[in-house]
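Engineer: When the first sequence is numbered by this note's numbering, its final residue is 575 and no position is left out of the sequence of numbers. Virtual Cβ for every residue (Gly too), placed ideally from N, Cα, C.
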Amino acid sequence: MENKEIARVLWETADLMEIAGEDSFRIRSYRNSATSIEGYPERIIDILKDENRKVTEIPGIGKRLASVLQEIVDRGSCERRDELLKKFPPTALEFLKIQGLGPKGIALIFEHHQITTMDELEQLCKDEKLRLLPRMGAKLEEKVLRSIAQYKMRTGRFLLSFAHEAAEELKKYLAETGGVEEITAAGSLRRGKETVGDLDLLVTGPNATEVLERFVAYPRVHEILGRGANKASAKVGREGLQVDVRALPRESYGAAMQYFTGSKEHNVAVRTRAVKMGFKLSEYGLFRADNDTRVAGESEQEVYDALGLAWIPPELRENSGEIEAAGEGRLPELIELKHIRGDIHMHTTETDGRASLEEMAEAAKNLGYEYVAITDHSKAIAMANGLDETRAVAFARQVRELNRQDRGIRIFSGLECDILKDGALDLANDALAELDLVIGSVHSHMNLEPAEMTDRLLRALECPSLRVLGHPTGRLLMQREPFSFDFDRVVMEAVKRGVHFEINASPERLDLNGNLVRSAKQRGAKFTVSTDAHHPKHLHNMWYGVVTARRGWLGPADVLNTLPAERFRNAIRHN
DNA sequence: ATCCATGT
DNA sequence: CAGGCAGA
DNA sequence: TCTGCCTGGAACATGGAT
């Protein structure tokens, strides 16, 4: 059992305890242990097995949680969780994701009604029964109904990061079969879409068929949906990600990859082109329409070539101009991970990060970056102990001092400064001016009317120290809609003032999706790609941001943090 | 006005 | 629930 | 060195119910 799964069980238990109204310190302990286990460098299961070691060495884990961990590893659950699940249905945990319903509200609902499914909850609201409960009213019913609608839209979809990790794990496992030439994840994962519905794995090689055997025997498969000679599909993991594995002959591997990568719209357009050229294209290959002779199929390159197209990076395959561009040889040269020279949005223990400045810088150095910007929160985020003017200025000074010693990576002093409700920045200008890089972000009042939100952002852009608009749309994938404002107007103003748009690489944001990036670029916008890391391991998320930038047709020149350190410094310098 | 639960 | 501290 | 007792809580604003 992996640390992640253990952490999940602990987290669930904490949620259930909260609904049951148990001691808040105990709940906190469970949550603390969940987060520290999730990010723990060693496998808990190994420590438990080792006679000479104790899990209580891990800070935050004491005698009680140690035995809980043992229990979870042994049987996948713990007594407390089992008890609570007798009292509350497992859907209670789902209800927690409905906006407006917290632990208290859910407990109250269960006290009065015997419901177990989301549909029943929906019905309860529609029947105007929820408002009969104390402290609940018509407004809440509406809110819950809206949130349920959203919930239904997003079920069955998964974060890109989740699908990516699942795919990597599966690929590794399946490759152990031997006799496998290639395993590739196709579909929206390959196109780098922010959320993914299901996973398509394509396999070729002499033993491709055996791979299907191995797949259905995968320990995390929990429901086999079908299995034939060339294709098997199953639900994987507790989350129920549907995975299709297809075994393919070498000669049609490229055609299949092209086909299963999509998008559907892209494929329709490509096929239309093929037909016009006297071919037919399918997942089996590209054939001449008149005599069915195979023209291409082994590689994607071959297929696109034969159609008179340059090979199109999967991120662009949305039928939004990429085919024309490929035909005319004017596909953009897209940004790649290796172009990124510094991560310029991250947090430390000074506010809500989990590691020190030194640890973050060290981790960034190990990723090969030339520089980092440390950008902790400002004081409006009180719960994160955000920096006030005094601390910000002191921090800027501390960083100047740090850079005198050579630590193999350049550090810039930054701040993720809150944009207040009226568009003013949270800290005074003279304090901001001391910092190398000011990112302005909205963290509150996200439901303003569009006009008001637009004005707010426009006003924020007036701040002379502002260099970056952080997570500009505020969306949280599958959780919170982007806030609405006049994007184009804000883009134009930002361009005028030299403010960059952040492509926030954190997988639950991927803020600015590909479409917005592209339309901003067309209006002259420049960008940053940053992880918003709160932990050294989050620095790895950069890839997701780069993929998103690619979906927005960006090249390295569009992105500020591809510049070498010195040029980067000049670009952000205040006048 | 006050108090609570929720959310950031 | 963990961790620290007092008192044994 | 062990046992038992005590403390700790990321702050605040908002929207809505009463």
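Rounded to whole angstroms, what is the Cα-Cα separation between LYS126 and GLU12?
Structural biologist: Roughly 29 Å between the two C-alpha positions.
Engineer: Distance check for LEU121 and ILE115, CA to CA, integer angstroms please.
Structural biologist: Going from the Cα of ILE115 to the Cα of LEU121 covers about 7 Å.
Engineer: Do VAL490 and LEU458 have their CB atoms nearer than 8 Å?
Structural biologist: Yes.
Engineer: May I ask you to report which of helix, strand or coil DSSP gives LEU337?
Structural biologist: Residue state, collapsed to three classes: helix.
Engineer: Using a Cβ-Cβ cut-off of 7 Å (strictly less than) and excluding sequence neighbours within five positions of MET257, which residues of its own chain qualify?
Structural biologist: So the qualifying residues of the chain are THR184, ALA186, LEU202, GLU300.
Engineer: Give me the Cα-Cα distance between LYS421 and HIS445, rounded to the nearest whole angstrom.
Structural biologist: Rounded to the nearest angstrom, the two C-alpha atoms are 6 Å apart.
Engineer: Do you know how far the Cα of ASN32 is from the Cα of VAL243?
Structural biologist: Cα to Cα, the separation comes out at about 33 Å.
Engineer: Could you check how far apart the C-beta atoms of VAL576 and ILE340 are, in whole angstroms? I think they sit under 8 Å.
Structural biologist: Residue 576 lies beyond the stretch modelled for the chain, which goes from 1 to 575, so this question has no answer here.
Engineer: Measure the Cβ-Cβ separation of ALA229 and GLU370 and say whether it is below 8 Å.
Structural biologist: No, Cβ-Cβ distance for ALA229 and GLU370 is not below 8 Å.
Engineer: What's the C-alpha gap between HIS443 and HIS347?
Structural biologist: Straight-line Cα distance between these residues: approximately 15 Å.
Engineer: Considering only residues of the same chain and omitting the five flanking positions on each side of GLY552, which have a CB-CB separation below 7 Å?
Structural biologist: Result list for GLY552: GLY514, VAL517, ARG518, LYS521, in chain order.
Engineer: Can you look up TYR371 in the DSSP assignment and give me helix, strand or coil?
Structural biologist: TYR371 falls in the strand class under three-state DSSP.
Engineer: Contact defined as beta carbons within less than 8 Å: I believe LEU199 pairs with LEU241. What is the distance between those atoms, to the nearest angstrom?
Structural biologist: Confirmed, about 6 Å.
Engineer: When we look at the beta-carbon of GLY254 and count the other beta-carbons within 10 Å, is it buried (16 or more) or exposed?
Structural biologist: When all chains shown are included, GLY254 counts as buried.
Engineer: What's the C-alpha gap between ARG475 and ALA533?
Structural biologist: Those two C-alpha atoms are separated by around 17 Å.
Engineer: Measure the beta-carbon distance from ALA234 to GLU251 and round it to whole angstroms, keeping in mind my assumption that it falls under 8 Å.
Structural biologist: That belief does not hold up - the Cβ atoms of ALA234 and GLU251 are roughly 27 Å apart, past 8 Å.
Engineer: LEU84 and ALA20 look like a contact to me (Cβ under 8 Å); what is the Cβ gap, rounded to whole Å?
Structural biologist: At roughly 6 Å, the Cβ-Cβ gap stays under 8 Å, so LEU84 and ALA20 are in contact.
Engineer: When the Cβ atoms of the stretch 431-443 are set against those of the stretch 407-417, are three or more pairs found closer than 8 Å?
Structural biologist: A contact exists between the stretch 431-443 and the stretch 407-417.
Engineer: Using a threshold of 8 Å, state whether the C-beta atoms of ALA289 and GLY297 are closer than that.
Structural biologist: Contact: no.
Engineer: Determine the direct distance from the alpha carbon of ASN3 to that of TYR40, and round the result to whole angstroms.
Structural biologist: If I take the Cα positions, the gap works out to 8 Å.
Engineer: Hey, ALA392 and LEU427 are a contact pair by Cβ (cut 8 Å); roughly how many whole angstroms apart?
Structural biologist: Right, their Cβ atoms sit about 6 Å apart.
Engineer: Select from GLY327, ALA382, ARG271, GLY100 the residue whose C-alpha is nearest the C-alpha of GLU142.
Structural biologist: Comparing Cα positions, the closest option is GLY100.
Engineer: Who are the Cβ neighbours of LEU133 in its own chain at under 8 Å, not counting the five residues just before and after it?
Structural biologist: Excluding sequence neighbours, LEU133 sits near LEU108, ILE109, HIS112.
Engineer: Report yes if the C-beta distance between HIS538 and GLU502 is below 8 Å; otherwise report no.
Structural biologist: In this structure, GLU502 does not lie closer than 8 Å to HIS538 by Cβ.
Engineer: Is it buried or exposed, ASN570, if we count other Cβ atoms within 10 angstroms and call 16 or more buried?
Structural biologist: Exposed.
Engineer: Given ALA167, which residues of its chain have a CB within under 8 Å of its CB, disregarding the five upstream and five downstream residues?
Structural biologist: For ALA167, where only same-chain residues beyond five positions count, the Cβ hits under 8 Å are ALA185, LEU189, LEU199, LEU201.
Engineer: Since I believe SER506 is in contact with THR473 (beta carbons under 8 Å), could you give me their beta-carbon distance rounded to a whole number of angstroms?
Structural biologist: That belief does not hold up - the Cβ atoms of THR473 and SER506 are roughly 13 Å apart, past 8 Å.
Engineer: Pull up the DSSP beta-bridge partners for HIS500, would you.
Structural biologist: DSSP, once it has assigned bridges, lists VAL468 as partnering HIS500.
Engineer: With three or more C-beta pairs closer than 8 Å as the rule, is the stretch 328-339 touching the stretch 264-282?
Structural biologist: No, because fewer than three Cβ pairs between the stretch 264-282 and the stretch 328-339 fall closer than 8 Å, the two stretches do not touch.
Engineer: I'd like to confirm the pairing. Which residues does DSSP put opposite SER378 in its beta bridges?
Structural biologist: Beta-bridge pairing links SER378 to LEU387.
Engineer: Please go through the same chain and pick out, in chain order, the residues whose beta-carbon is closer than 7 Å to the beta-carbon of GLY156, but skip the five residues on each side of it.
Structural biologist: GLY197, listed in sequence order.
Engineer: Would you report the Cα separation of GLY353 and GLU324, rounded to the nearest angstrom?
Structural biologist: Their backbone Cα atoms lie some 45 Å apart in a straight line.
Engineer: I'd like the list of long-range same chain contacts for LEU316, defined as Cβ closer than 6 Å, with 5 residues on each side in sequence excluded.
Structural biologist: These residues qualify, in order along the chain: GLU322.
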